[in-house]
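For reference, the structure discussed in these notes is given below.
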Amino acid sequence: MEPIVWEWVNFLVRWLHVITAIAWIGSSFYFIHLDLSLRRRDGLPNGVAGEAWQVHGGGFYNMMKYTVAPPELPEKLTWFKWEAYATWLSGFALLSVLYYHGAALYMIDPAVLDIPWWGAVLLSLGALGLGWHVYDRLCKSPLGKDDVKLAAAGFVFLVLVAWGLSHLFSGRAAMLHVGALIGTMMSANVFRIIIPNQTKAVAAMKAGQVPDPALGKQAKQRSLHNNYLTLPVVFLMISNHYPLAFGTRYSWVIVAVVLVVGAVIRHFFNSRHAGKPTPWWTWAVAAAGVAVIVGLSAAGTRTESAAAAPARVEFAQVEEVVLSRCSMCHAAQPVWEGIGAPPRGVMLDSAEAIGRHAPQIRTWAALSDAMPPGNVTGITPEERRLLAAWTDQLPR
Numbered sequence: 001m002e003p004i005v006w007e008w009v010n011f012l013v014r015w016l017h018v019i020t021a022i023a024w025i026g027s028s029f030y031f032i033h034l035d036l037s038l039r040r041r042d043g044l045p046n047g048v049a050g051e052a053w054q055v056h057g058g059g060f061y062n063m064m065k066y067t068v069a070p071p072e073l074p075e076k077l078t079w080f081k082w083e084a085y086a087t088w089l090s091g092f093a094l095l096s097v098l099y100y101h102g103a104a105l106y107m108i109d110p111a112v113l114d115i116p117w118w119g120a121v122l123l124s125l126g127a128l129g130l131g132w133h134v135y136d137r138l139c140k141s142p143l144g145k146d147d148v149k150l151a152a153a154g155f156v157f158l159v160l161v162a163w164g165l166s167h168l169f170s171g172r173a174a175m176l177h178v179g180a181l182i183g184t185m186m187s188a189n190v191f192r193i194i195i196p197n198q199t200k201a202v203a204a205m206k207a208g209q210v211p212d213p214a215l216g217k218q219a220k221q222r223s224l225h226n227n228y229l230t231l232p233v234v235f236l237m238i239s240n241h242y243p244l245a246f247g248t249r250y251s252w253v254i255v256a257v258v259l260v261v262g263a264v265i266r267h268f269f270n271s272r273h274a275g276k277p278t279p280w281w282t283w284a285v286a287a288a289g290v291a292v293i294v295g296l297s298a299a300g301t302r303t304e305s306a307a308a309a310p311a312r313v314e315f316a317q318v319e320e321v322v323l324s325r326c327s328m329c330h331a332a333q334p335v336w337e338g339i340g341a342p343p344r345g346v347m348l349d350s351a352e353a354i355g356r357h358a359p360q361i362r363t364w365a366a367l368s369d370a371m372p373p374g375n376v377t378g379i380t381p382e383e384r385r386l387l388a389a390w391t392d393q394l395p396r
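Following the UniProt record's numbering, the numbering of the sequence shown begins with 1 at its first residue and continues without gaps.
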């Protein structure tokens, strides 16, 4: 029963993470839209930066934003913070359930760095903690006074992190950890900067003082970062389901391109919300970026064979590789400890099953090194090339 119970824990924690992420992203996107759509007019109360009229659910809403704080605080004030906290907590729980518990399968690749499971966990925790600290210091450095320079420095930092993690973890874990770091940065922005600054502003109001405008400016900058990082982090979090994203030679470059693509798409919507000229060029950049990602994903695995591809592959050779490298998990009754059912329902324990799943074998084990996870069965680059050559010769 243990593998079954653990699988359901994984599923339910993942469900919770998706629910909380939807709540956080939804409220974040709404307030970005609201903030950018505010318009000034004569007759607004003192301290109001602008207003917006909205219609939803059969009713009309008149939204106003105070630049610092209203003259008097309402009795009830809604805080938007628990969505961010719950998203990070559920995400860390999922990281623990799947990656820390299954470090040998999902985090460690001996061909990259052969370390014990606890070493992988410590590296993961260190990357998340140190990554937030470096980002926070960048924001508080002189670079933080210029949003463009800070964005460029942040981009370089995240790309370097992606490159470094690709030399520590399996491709799957490396890309997911870049997403986990960005998620940590975003949640910590709320926990360490945005909410504390708003709390200080409220406390100053209650004391009859004027809140420091710098508090709001700093919080807005971190909120802007969260806005532009949302689409890339969603891509990185779902990337572990797509081997051509994480299991190829230039996965860290794919991360760099995704950061740009996600940012320009958000810029398009931000400009539209603000009533500025529509930047249609952003879609050309995004399309070019996607084309680059597809091209990079076809570059092959991180460990390529020096041997020439075989001219003709016999099925008996393929069957031997698959049965010796894959069938211990992909069988009706997997023999690998902790796996209660064949992953994705794919069984590769017969000639007929191997032939039927040739496209999946090509994607997961020939064009990428996603399978076996962490290369636990020691498949060689030559065997991957053999599988690729076999799938090449099959009729399309």
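Here a beta-carbon is modelled for each residue, glycine too, at the ideal position from N, C-alpha and C.
Residue range 48-56 is occupied by the beta strand (DSSP E) that includes A49.
Excluding residues up to 5 positions away in sequence, M185 lie with their Cβ nearer than 6 angstroms to the Cβ of Y135 in the same chain. In this structure L296 is in contact with I254, their Cβ atoms being roughly 5 angstroms apart against a cut-off of 8 angstroms. Taking the Cα positions, T377 is about 18 angstroms away from A341. Under the three-state reduction of DSSP, R302 is assigned to coil, being neither helix nor strand.
DSSP, read as helix, strand or coil, puts M64 in strand.
Beta-bridge pairing by DSSP links R272 to no other residue. Assignment of R41 by DSSP, reduced to helix, strand and coil, places it in the coil class. Contact annotation: P279 and H267 have beta-carbon atoms nearer than 8 angstroms. Straight through space, the alpha carbons of A49 and Y66 are spaced by roughly 6 angstroms. Beta-bridge analysis with DSSP links G59 to H56. Just so you know, the alpha carbons of T380 and L12 end up roughly 36 angstroms apart. M347 is not a Cβ neighbour of A358, given a cutoff of 8 angstroms.
Pairing N46 with R39, the inter-Cα distance amounts to about 14 angstroms.
If you ignore the 5 residues before and after I115, its C-beta comes within less than 7 angstroms of the C-beta of I108, all in its own chain and listed in chain order.
Note on geometry: alpha-carbon atoms of L125 and S96 lie some 11 angstroms from one another.
The C-beta distance from D392 to G247 rounds to 18 angstroms, too long to meet the 8 angstroms contact threshold. In this structure, E83 lies near A23, with their beta-carbon atoms less than 8 angstroms apart. Residues V48, E51 of the same chain have their beta carbon placed closer than 6 angstroms to that of M64, with the five preceding and five following residues left out of the count.
Using a C-beta cut-off of 8 angstroms, the region 184-199 makes contact with the region 214-221, since at least three inter-stretch Cβ pairs fall below that distance. DSSP places I238 inside the alpha helix (DSSP H), whose first and last residues are 213-238. Annotation: the continuous alpha helix (DSSP H) that includes V290 extends over 281-297. When the beta-carbon positions are compared, M328 and A245 stay at least 8 angstroms from each other. Linking Q198 to G164 through their CA atoms gives a straight-line distance of about 36 angstroms. Going by DSSP, N189 is part of no alpha helix (DSSP H) at all; its letter is neither H nor E.
Look at V9 here: in three-state DSSP terms it is helix. In this structure, L138 keeps its C-beta atom at 8 angstroms or more from the C-beta atom of A152. Nearest in C-alpha terms to Q54, of all of E72, Y30, R384, is Y30.
Taking L394 as reference, the option from V318, V257, I4 with the minimal CA-CA separation is V318. Listed in chain order, the alpha helix (DSSP H) runs fully inside the UniProt domain "Cytochrome c" (306-395) are 315-325, 351-356, 358-361, 381-393, counting runs of at least 4 residues. Check the Cα spacing between G374 and each of N226, S27, Y106, V5: the tightest is with Y106.
Taking 8 angstroms as the upper bound for CB-CB distance, V257 and G300 are not in contact here, some 18 angstroms apart.
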